[in-house]
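full-length UniProt numbering puts the last residue of the sequence shown at 326; the count rises by one with no breaks.
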Amino acid sequence: MENVFDYEDVQLIPAKCMVNSRAECDTSVKLGKHSFKLPVVPANMQTVIDVHIAETLAEQGYFYIMHRFDPESRLGFVMDMKDKGLIASISVGVKKEEYRFIELLSSEQSAPDYITIDIAHGHSNAVIDMIQHIKTHLPETFVIAGNVGTPEAVRELERAGADATKVGIGPGKVCITKIKTGFGTGGWQLAALRWCAKAANKPIIADGGIRTHGDIAKSIRFGATMVMIGSLFAGHEESPGHTIEKNGQLYKEYFGSASEFQKGVKKNVEGKKMVVEHKGSLKETLIEMEQDLQSAISYAGGTGIEAIRHVDYVLVKNSIFNGDKL
Ligand SMILES: NC(=O)C1=CN([C@@H]2O[C@H](COP(=O)(O)OP(=O)(O)OC[C@H]3O[C@@H](n4cnc5c(N)ncnc54)[C@H](OP(=O)(O)O)[C@@H]3O)[C@@H](O)[C@H]2O)C=CC1
Ligand SMILES: Nc1nc2c(ncn2[C@@H]2O[C@H](COP(=O)(O)O)[C@@H](O)[C@H]2O)c(=O)[nH]1
């Protein structure tokens with residue numbers, strides 16, 4: 001593989017500005033049948049999203065994916081969202097009971113708009129079979145399958161019927177897959193995204209490793225349609241994790257979906273629990289993300305997200321922060 005790099009190794013190169021104000025730049029993106037305000041989705045993790053946040057995001061025109069860690073509530077959740085005229089977007093795993101759950105959604109005529117198949121090693125027959133099961137019983141539902149980290153995996157899941165694939169094995173903030181198994185895209189997620197995107201015929205969601213808002217623009221440049229983010233969303237006042245005070249400073253808990261804490265047992269643990277700084281409201285962050293992305297579009301010399309996909313870039317190995325912190 002040539003050119004292995006990650007977010008901090010890249011700078012995008014500005015092109016001539018086409019707007020008189022950044023407010024003219026449109027950050028919206030289409031995924032499936034719907035358009036969303038931002039190419040960003042909070043991670044489907046228990047300390048990042050809950051029913052309240054899902055409803056708020058859907059009402060305000062943002063994409064969301066509800067997590068799968070309260071499995072019994074999912075049918076009611078889909079029905080409620082549909083009753084309110086909101087997009088229903090949920091996650092499933094690949095175990096036997098999930099097959100029955102898909103059949104239940106079908107028999108209740110409660111097809112979600114989006115289903116994300118959410119397992120650690122998505123390049124597997126388990127995911128291929130689940131894609132086909134969903135497509136058989138809920139043919140109108142947009143299926144996101146993951147997670148994967150190679151072009152072969154993207155192609156195989158697309159061939160099986162996935163409408164989008166999610167790329168990122170191990171770059172997450174609470175991930176320990178890279179340490180425990182030696183595998184993954186941690187440390188070269190942006191290059192892996194580029195590699196996968198070259199093979200993809202359908203949208204890719206880049207998942208994990210986003211540490212700054214500029215990384216969203218970089219993900220788009222290297223082939224992402226949407227970007228999934230956990231740690232940057234876990235610290236809000238609305239975030240579902242507990243608030244913790246340490247030496248007068250407020251933090252929020254953030255734990256991996258494969259952490260011992262989430263699983264309740266010490267078996268195949270590939271995630272950890274940590275705290276992130278408390279940082280005000282989700283609404284403020286979404287507005288700041290939109291403004292930063294509008295600015296990125298203006299530097300790309302365009303008026304919409306598409307402009308970012310065509311800019312030149314340089315590799316600046318580990319130097320973009322010059323020792324600075326945000
Ligand atoms: N993006 C990432 O880098 C990672 C994300 N995660 C997140 O953690 C959560 C739990 O993931 P996961 O453990 O997959 O979900 P589940 O615990 O639901 O496991 C799904 C199924 O896949 C099997 N399975 C899991 N990993 C492997 C593997 N490496 N090889 C073969 N079979 C496997 C499991 O069996 P068995 O347990 O018996 O092997 C189980 O039958 C998810 O939300 C996932 O997104 C976890 C790790 C990495
Ligand atoms: N290896 C693991 N990855 C995990 C786990 N729980 C979630 N995740 C992945 O991380 C991203 C979020 O990354 P961030 O850098 O934005 O914080 C999330 O979407 C999952 O793909 C886990 O336990 N182990």
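Even for Gly, the Cβ is constructed at its ideal location relative to N, Cα and C. Small disclaimer: the values here were computed from a predicted structure and weren't measured.
Residue i classed as buried or exposed, judged by whether at least 16 other C-beta atoms fall within 10 angstroms
i      : result
Asp113 : buried
Gln60  : exposed
Cys175 : buried
Thr47  : buried
Asp312 : exposed
Arg159 : exposed
Asp70  : exposed
Tyr249 : Reading off the sequence shown, one finds Gln at residue 249, where the question assumed Tyr. Flag for Gln249 reads exposed.
Pro42  : buried
Leu315 : exposed
Gln109 : exposed
Arg221 : buried
Glu98  : buried
Gly85  : exposed
Lys218 : buried
Thr141 : buried
Leu104 : exposed
Val265 : exposed
Ile49  : buried
Ile179 : exposed
Local conformation of residue i per DSSP, three classes
i           : result
Phe255      : strand
Met274      : strand
Asn201      : coil
Phe63       : coil
Val154      : helix
Pro42       : strand
Ser28       : coil
Asn125      : helix
residue 357 : Since the first residue shown for the chain is 1 and the last is 326, residue 357 is missing from the structure and cannot be characterised.
Thr285      : helix
Met226      : strand
Ala23       : helix
Ile53       : helix
Ile87       : coil
Cys196      : helix
Ile144      : strand
Gln132      : helix
Asp80       : helix
Gln189      : helix
Euclidean distance between Cα positions of residue i and residue j
i      : j      : result
Tyr7   : Gly187 : 9 Å
Lys102 : Leu286 : It should be noted that the sequence gives Ile, not Lys, for residue 102. Taking the straight line from one Cα to the other gives about 32 Å.
Asp80  : His67  : 16 Å
Ile117 : Lys279 : 30 Å
Arg309 : Tyr62  : 21 Å
Ala206 : Arg22  : 25 Å
Val51  : Val92  : 16 Å
Asn147 : Ala120 : 6 Å
Asn268 : Cys25  : 45 Å
Lys263 : Asn44  : 15 Å
Gly256 : Gly214 : 24 Å
Glu253 : Asn247 : 16 Å
Leu138 : Ala15  : 44 Å
Tyr251 : Lys317 : 32 Å
Tyr64  : Lys33  : 14 Å
Glu270 : Glu260 : 8 Å
Lys272 : Ala258 : 8 Å
Lys82  : Ala88  : 7 Å
Ile13  : Thr212 : 17 Å
Gly177 : Glu55  : Before going further, note that residue 177 is Thr rather than Gly in the sequence given. Between Thr177 and Glu55, the C-alpha separation is close to 32 Å.
Glu72  : Arg100 : 12 Å
Short CB-CB distance (under 8 Å) between residue i and chain C
i      : result
Gly304 : Absent from the structure: chain C. Only one protein chain is present.
Cβ separation of residue i and residue j, assumed to be a contact under 8 Å, to the nearest whole Å
i      : j      : result
Ile169 : Phe183 : 7 Å
Val143 : Ile131 : 6 Å
Ala191 : Thr165 : About 17 Å separates the two Cβ atoms, so there is no contact after all.
Met289 : Ile216 : 7 Å
Ile53  : Ile90  : About 14 Å; that fails the 8 Å criterion.
Gly230 : Glu277 : So it is not a contact: roughly 14 Å between Cβ atoms.
Gly172 : Ala153 : Their Cβ separation, rounded to whole angstroms, is 18 Å, which puts Gly172 and Ala153 out of contact at 8 Å.
Val19  : Ser298 : 5 Å
Ile210 : Leu193 : The pair is not a contact, with the Cβ atoms about 11 Å apart (cut-off 8 Å).
Thr38  : Leu293 : The sequence as given places Leu at residue 38; Thr does not occur at that position. Yes, they are in contact, since the Cβ atoms of Leu38 and Leu293 sit about 7 Å apart, within 8 Å.
Thr181 : Gly149 : Actually they are not in contact, since the Cβ atoms of Thr181 and Gly149 sit about 12 Å apart, beyond 8 Å.
Residue i CB to nearest heavy atom of ligand 3 below 7 Å
i      : result
Gly241 : What this structure holds is ligand 1 and ligand 2, not ligand 3.
Can you confirm whether the region 72 to 79 touches the region 300 to 313 when touching is taken to mean that 3 or more C-beta pairs between the two stretches lie within less than 8 Å? By the Cβ criterion, the region 300 to 313 is not in contact with the region 72 to 79, since fewer than three pairs of Cβ atoms, one from each stretch, lie closer than 8 Å.
Any contact of the region 219 to 226 with the region 28 to 42, i.e. 3+ C-beta pairs under 8 Å? In short, these stretches touch, since the Cβ pair count reaches three.
Across the region 190 to 203 and the region 242 to 261, are there enough close Cβ pairs to call them in contact, namely three or more that are closer than 8 Å? No contact exists between the region 190 to 203 and the region 242 to 261.
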